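One structure is given below, encoded as structure tokens.
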Amino acid sequence: MKQRITYLVEDPDSFTPEQLEVKDGSLSLRGLKAVQEHRITFSLDELPTELRTTLKQWQELHIKWASLKPYTAIPPFTSRVSPGLHVSFTPHKSQPKGQLCDLLHTVFDPAAKCSSGTDADEVATPLIHADEDGNEKPSASLQYYSYLPTLNKLASFIEETLCPPSSTTCIEYATSLLEASYLDIDYSAPAPILTLTALSTPPPAGWTTILTSPHSIHTTEVGVLTHEPNPDPEDLAFAGFLTVLGPSAAPKPTRFQAPARHYPLSASPGLSYTARFTHPTGLHPTLEVSFDGKLEPPAESCALYTYLTLPSYLFIDKYQFADPLFLSAQNLVALQRVSGATDLEAPDWVVPQWGSAALFELAVPPPPEEDAKDKAAGGNWTSRIPLHLRYLPASPRSHTPVPVPWPVVFWGCAAEQDSAGNPFDRVNLGYDGAFGAGTRFMHVPPEASGNGTGELVSWIDVPVLDTSAAGWVETGTIGVVVCAFVGLCWVLFSDRGKQEIKAEKKKQ
């Protein structure tokens, strides 16, 4: 097992080497205000037999979870996915029917929409990727999403399955996942290792802890770095200290730089976005993506995109976005790609897939006139995306609340160099495969307050059949049918009814 713990200091001016102390092969941190990335790498031989057998079903397996809570993303941890659980995978050729549902129910969420025993390719949807000329294709081929507020189930699974009974370090790591901003779990058959990467924001008082290597045969690398300005706009530069915990541990000064595919949006400070639905939502809600701040491309090659992750109870009518006038009225450029459940008539309970994913290119406001540029420091711009709700199963109340994760918003820009070799870049995010290799992403951060409750998720009250009042509907229907039947019999068989029928025939 190997560990790599990286601290990225938020404010370099507040950091001093005195906050670090190496003693007896351990590293002590005092009040370190830094974002922490904790990566643990397991070889298959170190995993329990049952888990090892499960992983061998997959050629590629990439699991990403993001918290509902907003967090500040600093370089190089600027890539984002919508809140919830994202799984991208390719079943092994010898086992094309991987048991995805069993894995999800056991490790993450017993209530996830995924019927046990169902083939993975029936509940998943194709992962969107670039055209053949884009020279880019994700290593995984299928994707799955589920709304998952917390990692409680995963933390319990790690404690019970992976942690030795006497390992307090392992149990502490499992507990720390409950406070993580995001978590990545990656497995690839060509390199048979399993990696867990968690990103956590610092506590209010900073990190004050003692880091030790859990076992003499394990390796623990710790880095405390700061982000440095760099004249090359496509490179990220870092400086700080690195150490390998052990008897001869000692902080070593270091400095390095590397190209990256995901960048912070430094060209438009203060720009953020919010996602909300117009009210009343009804069965045809409209998602509004609003920007607060100056919205202008960081470079001429950049275009603005949003990537939607829609659970099965929501869908897009792709034919609706074929009209240029309609797109212009909604401040949209185009629906670039859509993948998943897009049946316009099916109710939610007959849709086997998790839902659908859609990539939109958004319109941006025109540049201001020369004499108005000084007044264009801020503004507000909204793009609207019409959606549709499926019929949901009956409920004991008239409305069922359903969650909708906020989309991801970013600029897609042309890159002059390959980002390969950056140890912090993330891949298999769902939307990155839709762009060629020569693309870099500059992410627009969500509003720090989220939807007003501190969450990056919106809720829709969907009208459904109220089973508590359904008895009156049944009784009323039976009553109408009985009255109609009695009336028909009266017309057909009574003397007065026969006379009325004869009189009607004479009039004709």
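Going letter by letter, the sequence shown gives residues 1 to 508 in the working numbering.
Idealized CB from N, CA, C, for every residue including glycine.
As the structure is a prediction and not an experimental result, all values here were calculated from the model.
Contacts around residue i, its chain only, beta-carbon distance under 6 Å, and the 5 residues preceding and following it disregarded
| i | result |
| --- | --- |
| residue 100 | 120 |
| residue 134 | Any answer about residue 134 is weak, because its pLDDT of 46 lies below 50 and its placement is not dependable; what the coordinates show is given next. Only 436 meet the Cβ criterion. |
| residue 36 | 7, 200 |
| residue 5 | 38, 222 |
| residue 274 | 290, 447 |
| residue 426 | 79 |
| residue 118 | 101 |
| residue 249 | 22, 25, 243 |
| residue 461 | 399, 401 |
| residue 196 | 40, 185 |
| residue 15 | 9 |
Opposing strand residues paired with residue i [DSSP bridges]
| i | result |
| --- | --- |
| residue 341 | The partner list for residue 341 (beta bridge, DSSP) is empty, contrary to what the question assumes. |
| residue 88 | 62, 143 |
| residue 385 | 287 |
| residue 523 | The structure shown does not extend to residue 523, since the chain is modelled only from 1 through 508, so no value can be given for it. |
| residue 459 | 403 |
| residue 122 | Beta-bridge pairing links residue 122 to no other residue. |
| residue 185 | 63, 196 |
| residue 3 | 40, 220 |
| residue 362 | 304, 332 |
| residue 273 | 291, 446 |
| residue 355 | 311 |
| residue 258 | 236 |
| residue 228 | 237 |
| residue 243 | 222 |
Test item: CB-CB of residue i and residue j under 7 Å
| i | j | result |
| --- | --- | --- |
| residue 308 | residue 75 | no |
| residue 226 | residue 48 | no |
| residue 202 | residue 33 | yes |
| residue 429 | residue 87 | no |
| residue 210 | residue 28 | yes |
| residue 431 | residue 359 | yes |
| residue 178 | residue 198 | no |
| residue 265 | residue 42 | no |
| residue 89 | residue 51 | no |
| residue 303 | residue 345 | no |
| residue 312 | residue 364 | no |
| residue 187 | residue 20 | no |
| residue 283 | residue 389 | yes |
| residue 67 | residue 181 | yes |
| residue 220 | residue 245 | yes |
| residue 189 | residue 59 | yes |
| residue 149 | residue 405 | no |
| residue 542 | residue 305 | The shown model of the chain, from 1 to 508, leaves out residue 542, and the question about it has no answer. |
| residue 314 | residue 385 | no |
| residue 44 | residue 107 | no |
| residue 218 | residue 1 | yes |
| residue 174 | residue 159 | yes |
| residue 298 | residue 411 | yes |
Buried versus exposed call for residue i [16 or more other C-beta atoms within 10 Å across all chains shown]
| i | result |
| --- | --- |
| residue 240 | buried |
| residue 349 | exposed |
| residue 557 | This structure gives no information on residue 557, because the portion of the chain shown stretches from 1 to 508. |
| residue 335 | buried |
| residue 417 | exposed |
| residue 478 | exposed |
| residue 46 | exposed |
| residue 490 | exposed |
| residue 255 | exposed |
| residue 458 | buried |
| residue 414 | exposed |
| residue 375 | Here the model assigns residue 375 a pLDDT of 43, short of 50, so the residue's position is not dependable, and the following value carries that caveat. The residue in question, residue 375, is exposed, as its Cβ has fewer than 16 Cβ neighbours within 10 Å. |
| residue 53 | exposed |
| residue 383 | buried |
| residue 64 | buried |
| residue 132 | Any answer about residue 132 is weak, because its pLDDT of 48 lies below 50 and its placement is not dependable; what the coordinates show is given next. By the neighbour-count rule (16 or more Cβ atoms within 10 Å), residue 132 is not buried but exposed. |
| residue 224 | buried |
| residue 262 | buried |
| residue 373 | Confidence is the limiting factor: at residue 373 the pLDDT is only 48, short of 50, which leaves the residue's position unreliable, though a coordinate-based value still follows. It counts as exposed. |
| residue 323 | exposed |
Spatial neighbours of residue i in its chain, beta-carbon cut-off 8 Å, leaving aside the 5 residues before and after
| i | result |
| --- | --- |
| residue 326 | 320 |
| residue 125 | 142, 143, 144, 339, 340, 341, 353, 354, 355, 356, 357 |
| residue 114 | 100, 101, 104, 105, 123, 144, 146, 354 |
| residue 252 | 241, 242, 243 |
| residue 371 | In this prediction, residue 371 has a pLDDT of 46, which is less than 50 and means its spatial position is unreliable; nothing more can be read from the coordinates. |
Proximal residues to residue i (C-beta, below 7 Å), its chain only, five neighbours per side dropped
| i | result |
| --- | --- |
| residue 258 | 235, 236, 421, 422 |
| residue 228 | 237, 238, 239 |
| residue 467 | 394, 395, 396 |
| residue 31 | 19, 205, 206, 208 |
Distance cut-off 6 Å: residue i Cβ against heavy atoms of the ligand NAP
| i | result |
| --- | --- |
| residue 236 | With respect to the ligand NAP, the structure offers nothing, as it holds no ligand at all. |
**Asked** Fully enclosed by the stretch 17 to 47, which alpha helix (DSSP H) runs are 4 residues long or longer?
**Response** Listed in chain order, nothing qualifies, since the stretch 17 to 47 has no complete alpha helix (DSSP H) run of 4 or more residues.
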